[in-house]
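**Student:**
2 protein chains.
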Amino acid sequence: MRYELYYWPTIQGRGEFVRLALEEAQAAYVDVARGLKKEGAGVPALLKLLDGKTVAQPPFAPPFLKAGPLIIGQTPNILLFLGQRHGLAPRSEAGRLWANQLQLTIADFIVEVHDTHHPIASGLYYEDQREEARRRAADFLEVRLSRYLGYFERLLAASPGKAAWLAGRSLTYPDLSLFQVVAGLRYAFPRAVQRFERKCPRVVELHDRVAARPRIAAYLASDRRIPFNEQGIFRHYPELDLA
Amino acid sequence: MRYELYYWPTIQGRGEFVRLALEEAQAAYVDVARGLKKEGAGVPALLKLLDGKTVAQPPFAPPFLKAGPLIIGQTPNILLFLGQRHGLAPRSEAGRLWANQLQLTIADFIVEVHDTHHPIASGLYYEDQREEARRRAADFLEVRLSRYLGYFERLLAASPGKAAWLAGRSLTYPDLSLFQVVAGLRYAFPRAVQRFERKCPRVVELHDRVAARPRIAAYLASDRRIPFNEQGIFRHYPELDLA
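Protein chains in written order, with our numbering: chain A, 119 to 361; chain B, 119 to 361.
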C-alpha cells in the first residue's frame with residue numbers, strides 16, 4: 119500500500135511533520151497536491167476530499183493521510199498512527215501516551231509560532247496585522263520561546279545517556295518534530311535563536327543528530343523538501359526578530 | 119484506583135473537558151488543586167508535579183491526570199486514554215483515530231476562542247490587549263465561528279438517524295467536548311451565538327442531549343461544576359460580542 123499525503127504543495131507547514139515521519143520510515147507515499155492536475159492529483163484532488171461530498175468523515179483541514187480506506191486528519195493523529203505502524207513510537211501504552219503528549223505540546227508551540235505573524239486573523243495578510251505581529255512576536259521571543267525550549271531541554275537533561283531522545287532509547291516521531299521546530303525557528307528568528315541556543319545545547323544537539331540520519335539527510339538534500347518561505351508557519355520577517 | 123485530576127481550581131478551562139469525561143464515566147476521581155493545602159492538596163500539589171524535580175516526565179502545563187503510576191498531560195491525550203478505558207470512544211482503530219481527530223479539531227477551536235481575548239500574550243491582562251482583542255474577536259465571529267460550527271453541523275447532518283453523535287451510534291468523548299464548546303460560546307458571545315444557532319440546529323440539539331444525560335445533568339447542578347467566569351477560556355466581555 120502506498121500512502122497518499124494531502125497538503126498544500128508550496129509550503130512545509132504542518133505537512134512537514136508528517137513528511138519527516140514518512141521519510142524516516144522509508145514508507146512509500148505520494149505527496150498528492152504536488153502532483154499534476156491532469157493526472158488527477160494537484161490541489162483539486164485535495165479540495166475534493168475536504169468538501170465532504172465524497173467522504174463520509176471529511177477532515178477539517180490539511181494535512182490528512184489516506185492509508186488504504188482510512189483518511190486520517192490532524193497532524194498529531196497522523197503521527198500517532200504512523201508512529202505505531204513504523205516503529206517510530208514507543209511500544210508500551212505509557213510510552214505511546216508520552217510521545218503523543220510531547221507531540222501535542224509541540225503542536226501548541228507551533229500555533230504560537232504561527233501567531234507571531236498572524237495574531238489577528240489567519241485570513242488576513244501579514245501586512246494587515248504587522249503592528250500587532252510586532253507586539254506578539256516580542257512576547258513570544260521574550261517569554262514563550264524559552265518556556266518551550268527550556269522544557270524540552272530539561273527533559274533531555276533528565277534522560278539517561280549522552281545522546282538522549284525524548285521518548286525512550288531510540289528516535290520517535292516527536293524527535294523528528296522537534297528537529298523541524300529548531301530548523302524553523304533558526305529560519306524565522308535567526309538573531310533571537312542564535313542567542314538562545316547556548317541555553318538549550320541538548321535540543322540543538324538533538325536537531326543535529328536528526329539532520330545527520332541518512333534518510334533525513336537524503337530527504338533534506340532532495341527536491342521533496344520544500345524550502346522555508348514566507349507562506350508557511352516559520353516566516354522570516356526581520357522586523358519581528360530581535361534587533 | 120482513584121484518578122487524580124490536576125487543574126487550576128477556579129476555572130473550567132481545559133480541565134473541564136476532562137471533568138466531563140470523568141463524570142459521564144462515573145469514574146472515581148479527586149480534583150486535587152481544589153482540595154486543601156493542609157491535606158497535601160491545593161495548588162502546591164499541582165505545582166510540585168509540574169516542576170520536574172519529583173517526576174521523570176513532567177507535563178508542560180495543566181491539566182494532567184494521575185492514573186496509578188501514569189501521569190498523562192495534554193487534554194486530547196487524557197481523553198484518548200479515558201475514552202478507551204471507560205467506553206467513551208469507538209472500539210475500532212479507525213473509530214478511535216476519528217474521535218481523536220475530532221478532539222484535536224475542537225482543541226484548535228478552543229485556542230481560537232481563547233485568543234479572542236488574548237491575541238497578543240497569554241501573560242498580559244486582557245485590558246492590556248483590548249484593542250487587538252476587538253479586532254481578533256470580530257474576525258472570529260465573522261469567519262472562524264461559522265467555519266468550525268458549520269463543520270460539526272455538516273458531520274451531524276451526514277450521520278444516519280435523527281439523534282446523531284459525532285463518532286458512531288453512541289456518545290463518545292468529542293460529543294461531551296462539543297457540548298462544552300457550545301455552552302462556553304453561549305456564555306462568551308450570547309448575541310453572536312443566538313443569531314448563529316439557527317444555522318447549526320444539530321449542534322445545538324446535541325448540546326441539549328448531552329446536558330440532559332443524567333450524570334451530566336447531576337454534575338452541572340453540583341458545586342463540582344465551576345461557573346463560567348472571566349479567568350477561563352470562555353469569557354464574557356460584551357465589547358467583544360456582536361453589537
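Glycine included, each C-beta is placed from N, C-alpha and C at the ideal position. Being a predicted model, the structure only gives us computed values, none of them experimental.
Check the Cβ of B:PRO177 against every Cβ in chain A and list those closer than 9 Å, keeping chain order.
**Tutor:** The answer, in chain order, is GLN219 and THR223.
**Student:** Pick out whichever of B:ARG272, B:GLU357 and B:LEU188 has its Cα sitting closest to the Cα of A:THR90.
**Tutor:** Lying before the first or after the last residue shown, residue 90 of chain A is absent from chain A, which here runs from 119 to 361.
**Student:** Compare the Cα-Cα distances from A:GLY160 to each of A:PHE135, A:ALA185 and A:TYR124 and report the closest residue.
**Tutor:** Minimum Cα distance to A:GLY160 is reached at A:TYR124.
**Student:** Can you look up A:ALA251 in the DSSP assignment and give me helix, strand or coil?
**Tutor:** DSSP places A:ALA251 in helix when its eight states are reduced to three.
**Student:** Use the C-beta contact count for A:ASN347: other C-beta atoms within 10 angstroms, 16 or more gives buried, fewer gives exposed.
**Tutor:** By the neighbour-count rule (16 or more Cβ atoms within 10 Å), A:ASN347 is not buried but exposed.
**Student:** Per DSSP, B:GLY191 forms a beta bridge with which residues?
**Tutor:** Note: B:GLY191 sits in a beta bridge opposite B:PHE182.
**Student:** Taking contact to mean 3 or more Cβ pairs, one atom from each stretch, closer than 8 Å, check whether the segment 286-294 of chain B and the segment 248-265 of chain B are in contact.
**Tutor:** No: the two stretches stay apart, fewer than three of their Cβ pairs being nearer than 8 Å.
**Student:** Can you tell me whether B:ASP257 is helix, strand or coil according to DSSP?
**Tutor:** In this structure, B:ASP257 counts as helix in the three-state DSSP scheme.
**Student:** What residues from chain A crowd round B:ALA276, counting only those whose CB sits closer than 8 Å?
**Tutor:** Residues of chain A passing the Cβ test: GLY170 and ALA174.
**Student:** Taking the C-alpha atoms as reference points, what is the distance between A:VAL150 and A:GLU315?
**Tutor:** One C-alpha to the other measures close to 36 Å.
**Student:** Taking the DSSP output, what are the residues bridged to B:LEU123?
**Tutor:** Paired residues: B:ASP149 and B:LEU183.
**Student:** B:ILE238 CB to nearest chain A CB: under 7 Å?
**Tutor:** Yes, its Cβ sits closer than 7 Å to a Cβ of chain A.
**Student:** Of all the options B:TYR244, B:ALA145, B:GLY133 and B:THR128, which has the alpha carbon lying nearest to the alpha carbon of B:MET119?
**Tutor:** Nearest C-alpha to B:MET119: B:ALA145.
**Student:** For A:PHE307, which three-state DSSP category applies?
**Tutor:** If DSSP states are grouped into helix, strand and coil, A:PHE307 belongs with coil.
**Student:** Quick one, are the C-beta atoms of B:ARG254 and B:PRO237 less than 7 Å apart?
**Tutor:** Taking 7 Å as the Cβ cut-off, B:ARG254 and B:PRO237 qualify as a contacting pair.
**Student:** At the 7 Å Cβ level, is B:GLY279 part of the contact set with chain A, yes or no?
**Tutor:** Closer than 7 Å: no.
**Student:** Compute the Euclidean distance between the alpha carbons of B:ASP359 and B:ILE351, then round it to the nearest angstrom.
**Tutor:** Their Cα atoms are separated by approximately 15 Å.
**Student:** Who are the neighbours of B:VAL261 on chain A, taking C-beta pairs under 8 Å?
**Tutor:** The contacting residues are ALA239 and GLY241.
**Student:** In whole angstroms, give me the CA-to-CA distance for A:PRO308 and B:GLN175.
**Tutor:** C-alpha separation (whole angstroms): 30 Å.
**Student:** From A:VAL328 to A:GLY186, what does the alpha carbon distance come to, in whole angstroms?
**Tutor:** Straight-line Cα distance between these residues: approximately 29 Å.
**Student:** Given A:GLY153, which residues of its chain have a CB within under 7 Å of its CB, disregarding the five upstream and five downstream residues?
**Tutor:** Same-chain partners within the cutoff: ALA159 and GLY160.
**Student:** Given that A:ASP257 touches chain B, what residues does it touch there, using C-beta distances under 8 Å?
**Tutor:** Ordered by position in chain B, the residues that pass the 8 Å Cβ test against A:ASP257 are ILE238, ALA239, GLY241 and LEU242.
**Student:** In the DSSP assignment, find the unbroken alpha helix (DSSP H) run with B:LYS166 in it and report its ends.
**Tutor:** Start and end: 160-168.
**Student:** What three-state label does DSSP hand B:VAL173 in the structure shown?
**Tutor:** If DSSP states are grouped into helix, strand and coil, B:VAL173 belongs with coil.
**Student:** Would A:PRO194 and A:LEU222 qualify as a contact pair, given that the criterion is a beta-carbon distance under 7 Å?
**Tutor:** Against a cut-off of 7 Å, the Cβ pair of A:LEU222 and A:PRO194 comes out as a contact.
**Student:** Kindly list, in the order they appear in chain B, the residues whose Cβ is closer than 7 Å to that of A:ASN195.
**Tutor:** Going along chain B in sequence order, the residues near A:ASN195 (Cβ under 7 Å) are LEU215, ASN218, GLN219 and LEU222.
**Student:** Can you pull the chain D neighbours of A:LEU188, defined as C-beta to C-beta under 8 Å?
**Tutor:** Absent here is chain D; the protein component of the structure consists of chains A and B.
**Student:** I need the straight-line Cα distance from B:ALA336 to B:ALA330, nearest angstrom please.
**Tutor:** For B:ALA336 and B:ALA330, the distance between alpha carbons rounds to 9 Å.
**Student:** Consider the Cβ of A:VAL229: report whether some Cβ of chain B lies at a distance smaller than 7 Å.
**Tutor:** Yes, its Cβ sits closer than 7 Å to a Cβ of chain B.
**Student:** Apart from the five residues on each side of it in sequence, which residues of its chain come closer than 6 Å, Cβ to Cβ, to B:ASP246?
**Tutor:** Excluding sequence neighbours, B:ASP246 sits near nothing in its chain.
**Student:** When the Cα of B:PRO181 is compared with those of B:GLU134, B:LEU296 and B:GLN298, which residue comes out closest?
**Tutor:** Nearest of B:GLU134, B:LEU296 and B:GLN298 to B:PRO181, Cα basis: B:GLU134.
**Student:** Using a Cβ-Cβ cutoff of less than 7 Å, which residues in the same chain neighbour B:ALA217 once the five nearest sequence positions on both sides are dropped?
**Tutor:** Here the set comprises GLY201, ALA207, PRO208, ALA285, THR290, TYR291 and PRO292.
**Student:** Compare the Cα-Cα distances from A:GLY170 to each of A:ALA339, A:TRP126 and A:ILE189 and report the closest residue.
**Tutor:** Comparing Cα-Cα distances from A:GLY170 to each of A:ALA339, A:TRP126 and A:ILE189, the minimum goes to A:ILE189.
**Student:** Should A:ARG320 and A:LEU274 be called a contact, given that it needs their Cβ atoms to be closer than 7 Å?
**Tutor:** Yes; because the gap between Cβ atoms is below 7 Å, this pair is in contact.
**Student:** Locate the alpha helix (DSSP H) running through A:ILE228, then write down its first and last residues.
**Tutor:** A:ILE228 -> alpha helix (DSSP H) spans 211-235.
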